[in-house]
Amino acid sequence: HEDIEVKLEPVKATRSLETLTTRKPRDATQNAMDRLVQDLLASQKDLEDERSKTAVKDAEIVQLKEDMAHLQQRDYKDCEEANELRRLLAFHIKNGEQLSRRFRDLQAVNKDLQAQLQASEMALE
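In terms of our numbering, the sequence shown opens at residue 4 and continues consecutively.
Spelled out as structure tokens, the structure:
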């Protein structure tokens with residue numbers, strides 16, 4: 004029994020080893036390429052999302068600028084109206100003071116005329 008030699012098939016073992024050694028780098032390269040493609044696709048998706056967000060923000064900025072311009076225009080009109088109201092108030096205050104002075108003057112004249120009338124009536128009696 005010691006004289007029996009066991010002969011292995013080197014061809015099959017060599018092929019399996021060759022397949023493993025050549026496939027392993029090829030699989031690693033393919034996996035790396037797959038990861039790169041996936042990363043690229045994810046980056047493109049992120050870029051599209053960011054572009055979309057940027058477009059939304061740009062639209063919001065445009066709307067805010069329009070709102071601000073409208074508010075500034077409204078503020079300008081409100082300031083003009085407030086100035087006109089101040090001018091009218093000053094006019095009415097001044098006019099009211101003048102009317103009060105005239106009224107007092109007319110009351111004094113009326114009082115004098117009533118006194119003169121009474122004196123004339125007494126003189127006629």
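We put the CB at the ideal spot given by N, CA and C, even for glycine.
In angstroms, rounded to a whole number, what distance separates the CA positions of residue i and residue j?
{"i": "L23", "j": "T32", "result": "Note that L23 scores 49 on pLDDT, short of 50, meaning its location in the model is unreliable and no value can be drawn from it."}
{"i": "D81", "j": "H73", "result": "12 Å"}
{"i": "A35", "j": "R29", "result": "10 Å"}
{"i": "L67", "j": "Q76", "result": "14 Å"}
{"i": "I96", "j": "A118", "result": "33 Å"}
{"i": "E124", "j": "Q110", "result": "21 Å"}
{"i": "E69", "j": "F106", "result": "54 Å"}
{"i": "E128", "j": "Q121", "result": "11 Å"}
{"i": "R104", "j": "N113", "result": "14 Å"}
{"i": "D78", "j": "N98", "result": "30 Å"}
{"i": "S55", "j": "E83", "result": "42 Å"}
{"i": "E87", "j": "E100", "result": "20 Å"}
{"i": "S46", "j": "V40", "result": "10 Å"}
Classify residue i as buried or exposed, calling it buried when 16 or more other Cβ atoms lie within 10 Å of its own Cβ.
{"i": "K15", "result": "The predicted model places K15 with a pLDDT of 48, which falls under 50 and marks its position as unreliable, so this point remains unresolved."}
Residue ranges of each beta strand (DSSP E) within the segment 83-114, 3 or longer: Those beta strand (DSSP E) runs which fall completely within the segment 83-114 and span 3+ residues do not exist here.
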